[in-house]
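Have a look at the structure below before the remarks.
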Amino acid sequence: MRQLRIAEHPWGTRMRNRPRAIFVVALGFALLAAPVPSHGQQPAKVYRIGWLGGVGPTTPEFQRQWGGFAEGFRECGYIEGRDFVIEPRWTGGQVERSPSLAAELVSLKVDIIVAVGNPRAFAAKQATSAIPIVMVYALDPVTAGLVASLAHPGGNVTGVTMDAGLEILGKQLQLLKEAVPTVSRVAVLSYAVSSVNPAILREIQAAAKALGVTPQSYEVRDPTELDGAFPAMTKARADALLVMPHAFIYAHARRIAALAAQSRLPAMYAFRETVEAGGLMAYAVDVPDMFRRAATYVDKILKGAKPADLPVERPTKFELVINLTTAKALGLTIPQSLLSRADEVIQ
Numbered sequence: 043m044r045q046l047r048i049a050e051h052p053w054g055t056r057m058r059n060r061p062r063a064i065f066v067v068a069l070g071f072a073l074l075a076a077p078v079p080s081h082g083q084q085p086a087k088v089y090r091i092g093w094l095g096g097v098g099p100t101t102p103e104f105q106r107q108w109g110g111f112a113e114g115f116r117e118c119g120y121i122e123g124r125d126f127v128i129e130p131r132w133t134g135g136q137v138e139r140s141p142s143l144a145a146e147l148v149s150l151k152v153d154i155i156v157a158v159g160n161p162r163a164f165a166a167k168q169a170t171s172a173i174p175i176v177m178v179y180a181l182d183p184v185t186a187g188l189v190a191s192l193a194h195p196g197g198n199v200t201g202v203t204m205d206a207g208l209e210i211l212g213k214q215l216q217l218l219k220e221a222v223p224t225v226s227r228v229a230v231l232s233y234a235v236s237s238v239n240p241a242i243l244r245e246i247q248a249a250a251k252a253l254g255v256t257p258q259s260y261e262v263r264d265p266t267e268l269d270g271a272f273p274a275m276t277k278a279r280a281d282a283l284l285v286m287p288h289a290f291i292y293a294h295a296r297r298i299a300a301l302a303a304q305s306r307l308p309a310m311y312a313f314r315e316t317v318e319a320g321g322l323m324a325y326a327v328d329v330p331d332m333f334r335r336a337a338t339y340v341d342k343i344l345k346g347a348k349p350a351d352l353p354v355e356r357p358t359k360f361e362l363v364i365n366l367t368t369a370k371a372l373g374l375t376i377p378q379s380l381l382s383r384a385d386e387v388i389q
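When you read off a place in the sequence shown, starting at 1, and then add 42, the result is the number in my numbering.
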């Protein structure tokens with residue numbers, strides 16, 4: 043077996059001093075030694091792909107992201123080392139580092155940037171108008187100013203949005219009702235500064251009416267307002283909670299899950315990470331599939347397509363994740379009919 047080499051990045055020295063097991067996690071960024079071309083043979087183009095992510099290589103979330111992307115890229119015919127190398131950058135818990143890390147990738151003259159999440163996609167767009175950018179995990183990219191429209195992105199940014207359309211809201215509410223059949227009042231938590239909120243609430247109201255439940259809207263603008271929102275839900279005698287997707291919600295997933303537990307509110311989330319952090323259940327986008335599809339965008343662009351001409355795609359695959367430990371703490375018994383349909387059950 044040929045020896046694997048880790049691509050250099052800002053944490054290279056630190057990572058080399060870690061146990062060998064760490065390198066296994068970062069396998070996606072390992073580089074096979076490139077073959078030496080024979081005399082007179084022109085070496086093939088080796089693309090440099092910048093990866094601007096939020097979580098580092100030792101996290102389960104990254105493994106799902108990179109696993110999907112690597113699989114999709116292999117299906118497109120690319121081999122690491124022979125056809126491409128990766129320049130990885132991660133912001134970790136310091137999203138404010140996004141602009142400087144994006145600038146680093148631009149200075150390296152990468153051929154394309156894969157940007158994970160709104161802050162990093164926006165930072166990449168601000169850093170360059172020439173290098174193509176494939177966004178993944180983006181929420182409401184039109185309002186965020188990442189693209190002109192989903193059908194006609196314009197500029198140098200395209201990719202896959204997390205916005206699944208309003209129909210997913212009815213499905214989430216239905217699953218929540220199945221988990222807690224006695225629910226009659228559902229608190230709906232959303233980020234206040236969002237242009238899609240009115241449409242979201244209309245969709246939820248229609249679904250709630252069909253299910254015989256009453257939605258109660260709670261909007262927050264900053265983390266401090268979360269502390270006041272949950273006592274308000276309790277005072278209004280909410281039986282359950284439906285949490286809307288937004289970058290703000292994602293950033294405070296652990297805090298929201300903890301507050302829901304303290305308020306003894308069974309909750310449905312839009313991100314599986316919230317369930318891993320202690321939330322009850324999520325009907326969420328299938329992350330590996332989203333990154334697998336992002337790989338096809340990279341392939342098309344490397345073959346000459348322009349980002350401006352590639353429509354932004356919405357997710358097509360979803361997963362149901364249930365946390366039985368949380369259910370037990372809430373005194374809930376999740377119906378077997380629901381557990382049998384779950385893609386993952388956390389014990």
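No residue lacks a Cβ here, since even glycine has one placed at the ideal position from N, Cα and C. Predicted model, so just to flag it, every value in this text is computed and none were measured.
With a threshold of 16 other CB atoms inside 10 Å of the CB of residue i, please say whether the residue is buried or exposed.
{"i": "A250", "result": "buried"}
{"i": "D264", "result": "exposed"}
{"i": "P377", "result": "exposed"}
{"i": "V78", "result": "Here the model assigns V78 a pLDDT of 45, short of 50, so the residue's position is not dependable and the matter cannot be decided."}
{"i": "R244", "result": "exposed"}
{"i": "D331", "result": "buried"}
{"i": "A63", "result": "At A63, the pLDDT of 41 sits below 50, so the modelled position is not reliable; the number obtained from the coordinates is stated separately. The residue is exposed, with fewer than 16 neighbouring Cβ atoms inside 10 Å."}
{"i": "V140", "result": "The residue asked about is misnamed: residue 140 is Ser in this sequence, not Val. S140 comes out buried."}
{"i": "H294", "result": "buried"}
{"i": "E315", "result": "buried"}
{"i": "M310", "result": "buried"}
{"i": "I298", "result": "buried"}
{"i": "I343", "result": "buried"}
{"i": "E129", "result": "buried"}
{"i": "L301", "result": "buried"}
{"i": "G373", "result": "exposed"}
{"i": "A193", "result": "exposed"}
Per DSSP, residue i forms a beta bridge with which residues?
{"i": "Y325", "result": "L362"}
{"i": "R279", "result": "The partner list for R279 (beta bridge, DSSP) is empty, contrary to what the question assumes."}
{"i": "T368", "result": "None, per the DSSP bridge assignment."}
{"i": "Y339", "result": "Answer is none; Y339 lacks a bridge partner."}
{"i": "G201", "result": "M177"}
{"i": "E122", "result": "F126"}
Let me make sure I understand the geometry here. Which of the options has the alpha-carbon closest to that of residue i?
{"i": "Y233", "options": "Y339, S226, A206 and E267", "result": "E267"}
{"i": "V329", "options": "A293, Y120, F111 and V127", "result": "F111"}
{"i": "Y325", "options": "P287, K348 and A337", "result": "P287"}
{"i": "V262", "options": "R279, R244, V285 and D281", "result": "V285"}
{"i": "V152", "options": "I175, G135 and G159", "result": "I175"}
{"i": "Q168", "options": "D182, V158 and A144", "result": "A144"}
{"i": "D125", "options": "L147, Y179, W132 and A86", "result": "A86"}
{"i": "G95", "options": "M177, P273 and L372", "result": "M177"}
{"i": "G187", "options": "V225, L344, A163 and I298", "result": "A163"}
{"i": "V158", "options": "R116, T185 and G134", "result": "G134"}
{"i": "S142", "options": "K277, G123, T203 and A166", "result": "A166"}
{"i": "D205", "options": "A278, N160 and A248", "result": "N160"}
{"i": "G212", "options": "A221, V88, G196 and I242", "result": "I242"}
{"i": "N365", "options": "R334, G98, A319 and P353", "result": "A319"}
{"i": "S382", "options": "V363, Y179 and K370", "result": "V363"}
{"i": "L150", "options": "V354, Q136, T367 and V127", "result": "V127"}
{"i": "P305", "options": "R335, F313, A274 and A312", "result": "At residue 305 the sequence reads Ser, which differs from the Pro that was named. S305 has its Cα closest to that of A274, out of R335, F313, A274 and A312."}
In terms of residues, what are the limits of the beta strand (DSSP E) holding residue i?
{"i": "V285", "result": "A282 to V285"}
{"i": "S259", "result": "T256 to V262"}
{"i": "P130", "result": "F126 to W132"}
{"i": "L94", "result": "Y89 to G95"}
{"i": "E386", "result": "E386 to I388"}
{"i": "L143", "result": "First-last for L143: S140 to S149, but that is the alpha helix (DSSP H), not the beta strand (DSSP E)."}
{"i": "R227", "result": "R227 to Y233"}
{"i": "I155", "result": "I154 to V158"}
From which residue to which residue does the alpha helix (DSSP H) around residue i run?
{"i": "Y311", "result": "No alpha helix (DSSP H) contains Y311, which is instead part of the beta strand (DSSP E) from A309 to Y311."}
{"i": "T316", "result": "R314 to E318"}
{"i": "G109", "result": "P102 to E117"}
{"i": "A293", "result": "A289 to A293"}
{"i": "E355", "result": "That residue, E355, is in no alpha helix (DSSP H); it is neither H nor E in DSSP."}
{"i": "S379", "result": "Q378 to L381"}
{"i": "G212", "result": "E209 to A221"}
For my contact list, residue i and residue j are in at a C-beta cut-off of 8 Å; report their separation, rounded to the angstrom.
{"i": "T200", "j": "Y339", "result": "6 Å"}
{"i": "P308", "j": "A282", "result": "5 Å"}
{"i": "P349", "j": "V327", "result": "In fact, because the Cβ distance is near 21 Å, the residues do not count as touching under 8 Å."}
{"i": "R203", "j": "L181", "result": "According to the sequence shown, residue 203 is Thr rather than Arg. The pair is a contact, with the Cβ atoms about 7 Å apart (cut-off 8 Å)."}
{"i": "L121", "j": "V148", "result": "What sits at residue 121 in the sequence shown is Ile, not Leu. Between V148 and I121 the Cβ distance is about 26 Å, and since that is not below 8 Å, they are no contact."}
{"i": "L253", "j": "K277", "result": "That pair is no contact at about 23 Å."}
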